[in-house]
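Notes follow once the structure below has been shown.
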Amino acid sequence: MNRKRSDEDYCRKETETNKKRINRKRLDEDYCKKENETNKKRMKRKRLDEDYCRKETETNQKRMNRKRLDEDYCGKETETNKKRMNRKRLDEDYCRKETETNQKRMNRKRLDEDYCRKETETNKKRIGKKRLNEDYCRKESESNVKRMANIRLDEAYVDMERRSNKKRIQALRQQNAFKLQNVQQMQLNRSNKKYVEKESVSEFTKVGSRNTTSFEALQQQFWQSVSVGQEYVCFICEKLLYKHSVISAKPPMYGQWICRTCHQYVTAGKVPPLSKENNMLMADIPEELKLHSLEERLVAARTPFMQIRELPRGRQLNIKGNVVNVPADVSTTVRSLPRRMDESQTIPVKFKRKLSYKHSVHRVTSPFAMCMLPIGLLLDEIFLTRCLPLFLVVRRVSWSETLTVSQTRVLTDSELLCLQVPTLDHRIGQIHFGTPFSRCLEAYAPV
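Under the numbering used here, residues 882 to 1328 are what the sequence shown spells out, in order.
Right, dumping it as structure tokens:
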């Protein structure tokens, strides 16, 4: 066979014969399947050799380069690849893996500055060609508007965009070329009479709107501005702040609300000085220091004297004149408190459920309350209709004597009006016994 195959005609005929034989065999599906499996196993064994893999890759590249010189082949190959990729991209896992692979590949490539520069130029040319189409420009504008509207929902982004635009405009206004261009543009615009008329009308409307703002609109604006108080808590320093003092901290950046001061430190990569992580928290007030207003006045180091008046509009309070602070000796107040029972000008009272009981509840009351107690009872309709007929009529010799039961009967109206009750004289601080109940009714009856 070797001698025969040295003849080129024989080799050519043998090759044609083998092709025809193989083509006849490949009409059988079972044969094709077995052949594919055999080829796969054979290629796997061969590809274990690195030299073979390298040579195979080079051979395939050369073969594909020769084929791709034909435009028809390139067009067919592109369509075939599109169909194949569309079938693969129906699988979500494949799409996810493909995206990750592309990102890693592009990140590696973009480390090269030359590649980045070429990519930027290529993108500019590609976008420039697309923007020659009006439909593409319109769709691009709509998509950009929607995208920016979604991005600007984040107040932090809006704040950053505003500051960057301000810096950019300030830098542009410092350039002489920009100033000259702006002057030329304004001269060109003002050469048009319609533009001048519109400009004058707009200026007139602005001035008129500023001068003709109604009082109701200003009042509504004021109430709207003060309707929301310090309700926003910074999750770093835990301060209560107004709406304009905080930034909407969404999950991509923060967790809740953050004040602008802490935001500046965080964006600079620093820990805010007033952060709660630095133990800058307000300690709880001890129970000993939770004082009432009267207790605060008793232990105050100074007693302020001031003249407070109401303003004519709004009924707001205003301090008129000077404020005088009189030093107070707290030690004297502490030594005089608590007062003894004989100096407190009060009446000790013992409450018992029964006189035979030994145990009692001690309370302290004022003389004025003791005087007002019978008057309050006698002014009560329920007491007069239900409880008063059950009272025992007794004869009192003196206020200090013990009351004893003499007889049981119901008081008449004339006797009730002549009943004497104790009263308090505020001028001298003494109690009088002998004031008729009719006079008390005149003094304390509701108007």
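Glycine residues also receive a C-beta, built at the ideal position from the N, C-alpha and C atoms.
Because the structure is a prediction, the values reported are computed rather than measured.
Here Tyr891 really is in contact with Lys885; their C-beta atoms are around 5 Å apart, less than 8 Å. Counted as a single uninterrupted DSSP element, the alpha helix (DSSP H) harbouring His1144 occupies residues Arg1141 to Thr1148. Counting along the chain, Phe1186 sits inside the beta strand (DSSP E) bounded by residues Arg1183 to Glu1191. For Ser1022, the enclosing alpha helix (DSSP H) starts and ends at Glu1015 to Ile1032.
Pairwise C-beta distances place the region 1149-1160 out of contact with the region 1176-1192, as fewer than three of them are shorter than 8 Å. In the structure shown, Gly1009 adopts helical secondary structure according to DSSP, grouped into three states. Within the same chain, Phe1059 come within 8 Å of Leu1053 by CB-CB distance, once the 5 residues on both sides are set aside. Cys1115 sits buried, since 16 or more C-beta atoms from the chains shown fall within 10 Å of its C-beta. For Thr1246, the beta-bridge partners assigned by DSSP are Ile1228.
Straight through space, the alpha carbons of Asn904 and Tyr912 are spaced by roughly 11 Å. For Ile1200, the enclosing beta strand (DSSP E) has its first and last residue at Leu1198 to Pro1208.
Val1127 counts as buried, since at least 16 other C-beta atoms from the protein chains shown sit within 10 angstroms of its C-beta. The beta carbon of Tyr975 is closer than 7 Å to those of Lys969 in its chain, skipping five residues each way along the sequence.
Beyond the five residues adjoining it in sequence on each side, Asn1046 comes within less than 8 Å, by CB distance, of no other residue in the same chain. In the three-state reduction of the DSSP assignment, Cys1115 falls in the strand class, which pools E and B.
Ranked by Cα distance from Ile1200, the first of Met1187, Val1207, Ala1209 and Ser1212 is Met1187. Note that the C-beta distance between Lys1124 and Cys1140 is not below 8 Å. Per DSSP, the unbroken beta strand (DSSP E) holding Ser1129 starts and ends at Val1127 to Ser1129. A distance below 8 Å separates the beta carbons of Ala1182 and Pro1208. In this chain, the alpha helix (DSSP H) harbouring Lys1047 covers Glu1036 to Arg1054. Cα atoms of Val1230 and Arg1220: separation of roughly 17 Å, rounded to the nearest angstrom.
Assignment of Leu1175 by DSSP, reduced to helix, strand and coil, places it in the helix class. In the DSSP annotation of this structure, the continuous segment of the alpha helix (DSSP H) that includes Ala1098 starts and ends at Phe1096 to Val1107. As summarised for the region 975-1002, there are no continuous alpha helix (DSSP H) elements at least 4 residues long confined to that stretch.
Burial state of Ile1117 is buried, judged by a 10 Å Cβ sphere holding 16 or more other Cβ atoms.
Beta-bridge partners of Leu1121 (DSSP): Val1114. Only residues of its own chain outside the window of five on either side were considered, and among them none has a CB closer than 6 Å to the CB of Gly956. Boundaries of the alpha helix (DSSP H) harbouring Val1064: Asn1057 to Arg1071, taken from the DSSP string.
Looking at the backbone, the Cα of Leu1034 and that of Arg1190 are separated by about 47 Å. Under the DSSP assignment, Ile903 falls in the alpha helix (DSSP H) whose first and last residues are Glu889 to Lys906. With fewer than 16 neighbouring CB atoms inside 10 Å of its own CB, Cys997 falls in the exposed class. In the DSSP annotation of this structure, Ser1241 is not part of any alpha helix (DSSP H), being labelled neither H nor E.
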